[in-house]
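Okay, so here's the structure we're looking at.
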Amino acid sequence: MNKVVIIGCGNVGMAYAYAMVVRNIGVTELVLVDINRAKAEGEALDLNHAVSYADKGVRIYAGNYADCRDADIIVLTAGKNQEIGETRIDLLHKNYEVFKSIITEINGVGFGGIYIVATNPVDIMSLVTYKLSGLAHNRIIGSGTSLDTARLRYLVGEAIGVSPNNIHGYVLGEHGDSEVIPWDKVTVGLNPIDKLLSLAQKSQITADVRNSAYDIISKKGNTAYGIGVGLVRLTRAILRNENAIFCISCYDPKENMYYSMPAIIDRDGVREILPLSLNSADKKMLEQSITTLKDARDTLLERAK
Ligand code: NAD
């Protein structure tokens, strides 16, 4: 049995739930929890009608925090979304309050599985989940720049006419404005992408990766599909003990901060963070990105005093 609980049945939570039904990764029980109980119930009813068309059945129902006790994975997608012009870090204080109430409830029933965090600002919300849950840090994974990495691969693939699945490269640091693309590490086949794209193309792609959430939010109000499918892929890697590499937000004890680095994911969460060998400019940008996150973390700590 594989049981997943989604806390927060909004755009992201339900894009994930829908992708879960369609992708059929072997989850047998999917529980929907939301502060708006009617919303969770309506979504469960609606989604159950999709199950008839899926290859294998998954039991889907609206639940409550007691359902977290024996869950394998809890996916946190509750909280406030960005409005037009808002940065992810602008959401920090409101979503901290949301997480405090949710994680207190989950601690109350006892949960020893793995948290996947998607709520923004995702790096800091992952740190908050780690600190409030009392679980080992390898059991808390932030979706981090997995979405930005998917966007990078898509845009590079489009530019050179190759499937994004064959573009290798990662976006590091904050899932947000200070994120870093180490371009000299992006490859297609055995070829560094550096030789295939002009400087102008690379800076356009860098800007597009960084700004795509703003662009989508200005047009449709939220982003959901990329993160929904990405979270399913990450869930599969955990449940199947895949030892697959993802660029996700994980804990750096030296910095006491979560930020995105390529890491190996297994049944216990983050098995190992891969060492980075960055050029000096990228190294400096990553340090600045970590500082941005630590500054936001410190503002939160200051307010929580
Ligand atoms: P949404 O407003 O559609 O959904 C949020 C849901 O959370 C709502 O259904 C709301 O009722 C619920 N909720 C609020 N407080 C709650 C509580 N205390 N307990 C239980 N449920 C509660 O928002 P969305 O568009 O789904 O976005 C959710 C979060 O995901 C936002 O923070 C957004 O910025 C983030 N997001 C992250 C990524 C990523 O790559 N990590 C991508 C897109 C969006």
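Everything in the sequence shown is counted per the numbering used here, starting at 413 for the first residue and increasing by one.
Ideal Cβ placement from N, Cα and C applies to all residues, glycine included.
- Query: Ordered along the chain, which non-local residues of its own chain (more than five positions away) have a Cβ less than 7 Å from that of Tyr508?
  - Reply: For Tyr508, the CB contacts under 7 Å within the same chain, skipping 5 residues up- and downstream, are Val540, Leu712 in chain order.
- Indicate the three-state DSSP secondary structure (helix, strand or coil) for Leu584 in the structure shown. strand
- Message: Taking only three categories from DSSP, how would you classify Met673?
- Response: strand
- Query: Assuming Leu544 contacts Phe511 under a Cβ cut-off of 8 Å, what Cβ separation, rounded to an integer in Å, is found between them?
  - Reply: 7 Å
- Using only the heavy atoms of the ligand NAD, determine whether one of them is closer than 8 Å to the beta carbon of Asp408. Here the chain covers residues 413 to 717 and nothing more, so residue 408 does not appear.
- Message: Considering Cα atoms alone, identify which of Met432, Val417, Ile437 is closest to Glu654.
- Response: It is Ile437 whose Cα lies nearest to the Cα of Glu654.
- So, do the segment 512-520 and the segment 604-613 have three or more beta carbon pairs nearer to each other than 8 Å? no
- Item | CA nearest to the CA of Ile639, picked from Val416, Asn668, Ile660 | Out of Val416, Asn668, Ile660, Ile660 has the C-alpha closest to the C-alpha of Ile639.
- Task: Check whether the Cβ of Ala456 sits closer than 8 Å to any heavy atom of the ligand NAD, and report yes or no.
- Result: no
- Below 8 Å on the Cβ atoms is my guess for Val407 versus Leu567; work out the distance and round it to an integer in Å. What the structure shows of the chain is the stretch from 413 to 717, and residue 407 is not part of that stretch, so it cannot be assessed.
- Are the segment 587-602 and the segment 452-461 in contact at 8 Å, needing three or more beta carbon pairs? no
- Message: Please list the terminal residues of the continuous alpha helix (DSSP H) segment that includes Asp560.
- Response: 558-572
- Task: Run the proximity test for Ala636: is its beta-carbon closer than 8 Å to any non-hydrogen atom belonging to the ligand NAD?
- Result: yes
- Give the DSSP-derived three-state secondary structure of Ser661 in the structure shown. Residue state, collapsed to three classes: strand.
- Message: Helix, strand or coil for Tyr473? Go by DSSP, reduced to three states.
- Response: strand
- Message: At the level of alpha carbons, what is the spacing between Ala656 and Arg683?
- Response: 10 Å
- Query: Is Lys492 near the ligand NAD, judged by its Cβ being under 8 Å from some heavy atom?
  - Reply: yes
- Indicate the three-state DSSP secondary structure (helix, strand or coil) for Lys468 in the structure shown. coil
- Task: On the DSSP bridge assignment, give the partners of Ile515 in chain order.
- Result: According to DSSP, which records beta bridges pairwise, Ile515 is partnered with nothing at all.
- Does the count of Cβ pairs from the segment 573-581 and the segment 544-553 closer than 8 Å reach three? no
- Task: Would you mind stating whether Asn493 and Asn423 have Cβ atoms separated by less than 9 Å?
- Result: Asn493 places its beta carbon less than 9 Å from that of Asn423.
- Message: Nearest by alpha-carbon distance to Asn634: which of Arg648, Gly497, Ala649, Asn691 is it?
- Response: Gly497
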